[in-house]
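If you're matching positions, the sequence shown starts at 1 in the UniProt record's numbering and goes up one per residue. Glycine is no exception: its CB is placed at the ideal position from the N, C-alpha and C atoms. See structure below.
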Amino acid sequence: MNSYILAILLFGLGLGTTITFASSHWLLAWMGLEMNTLAIIPLMAQHHHPRAVEATTKYFLTQAAAAATLLFASITNAWLTGQWEIQQITHPLPTTMITLALALKIGLAPLHAWLPEVLQGLDLTTGLILSTWQKLAPFALILQIQPSNSTTLIILGLASTLIGGWGGLNQTQLRKILAYSSIAHLGWMILVLQFSPSITLLTLLTYFIMTFSTFLVFKLNKSTNINTLATSWAKAPALTALTPLILLSLGGLPPLTGFMPKWLILQELTKQGLAPTATLAALSALLSLYFYLRLSYAMALTISPNNLTGTTPWRLPSTQLTYPLATSTAMTICLLPLTPAISALLTP
């Protein structure tokens, strides 16, 4: 892709998200979301592969449906209450419709079915943008409306953590595994949203750091399925030794960074008298942990020639910048000791 066109599209992505962040009017927020969608579509379809075009079409249709529902709900809210302000939404009907529309936008279960299919058709770089940056604008709106119907959020959150764990168990494609991982993490964020928005933001930030590391590792190894992970020890032995730690951090094991948000969320849910919800969420984390362990096993504990029946991938030196990967990997593995400081910052 031409570098000027790429710069314009990335600028459009940034501008769309910024407009949604800055808006207090529903029409302006909707416009930012639409700019976001339209800017990423050429990035998704840039390789002209039939699977990429199929993924782009699916993404466009789901995002258009979510945007139309959002617009309809905001007009309904203006009709019922005379308010266009995002934070002045009080009627339960438009609130629920907007919550479901935004859940469809970010891929929360049970409105998640498009996400694994779309991510599977993209290259790893565009997949990284879809899994991280594209979640920001809808999340900003969810945080602003603070849905009053707490049951809806808890059902969405629990369904996402369970389906995100269950769906990834039988997958061999790394991008689909990362999509289900994304669904499960979003479920954790939604569970605690109404009780502590600051913990939700912390979880979102740590999810971004961990997902960034994982995508860059797979990109460096040019891996798209579990079998190709087994040759990574010959290409980057030091990174292969660290990658299981990145994956287990995504799974939420101590003493890694990923344990911090899960710990704080379970603590907050228990404080709010939702011990059964916290128990279910903790059990669903075991499902996710299983497929992260599977990836760790394939990468660090299996060696050639047990890996590929086909040809060995070319072991050419990678042109990818390793500074971002080194920084994000260090953050993914080492931030847990900062939990007391972060907790002190989060408490009002």
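| query | result |
| --- | --- |
| With distances taken Cα to Cα, identify the nearest neighbour of Thr329 among Ile41, Ala184, Ile209, Leu153. | Ile209 |
| Please state whether the Cβ-Cβ distance between Leu193 and Leu153 is less than 8 Å. | yes |
| If we ignore side chains and look at the alpha-carbon of each, how far apart do Gly157 and Leu33 end up? | 22 Å |
| Shortest alpha-carbon distance to Thr76 belongs to which of Pro261, Gln87, Ala64, Thr95? | Thr95 |
| From Leu239 to Ser213, what distance separates their C-alpha atoms? | 11 Å |
| Work out the CA separation of Gly252 and Met260 for me, nearest whole Å. | 8 Å |
| Is it true that the stretch 81-89 meets the stretch 15-35, where meeting means three or more beta-carbon pairs spaced less than 8 Å apart? | yes |
| Please determine if the stretch 37-57 and the stretch 108-123 are in contact, where contact requires at least 3 C-beta pairs separated by less than 8 Å. | yes |
| On the DSSP letters alone, give me the boundaries of the alpha helix (DSSP H) that Thr243 sits inside. | 237-251 |
| Who are Gln46's beta bridge partners in DSSP? | Gln46 pairs with nothing; no bridge assigned. |
| Take every Cβ of the stretch 160-168, pair it with every Cβ of the stretch 125-135, and state whether three or more of those distances are shorter than 8 Å. | no |
| Is the beta carbon of Gln134 sitting closer than 8 Å to the one on Ile8? | no |
| Please list, in chain order, all residues of the same chain as Phe215 whose beta carbon is under 6 Å from its beta carbon, the five residues on each side excluded. | Leu124, Leu128 |
| Report yes or no: do three or more beta-carbon pairs, one from the stretch 62-74 and one from the stretch 101-111, lie closer than 8 Å? | yes |
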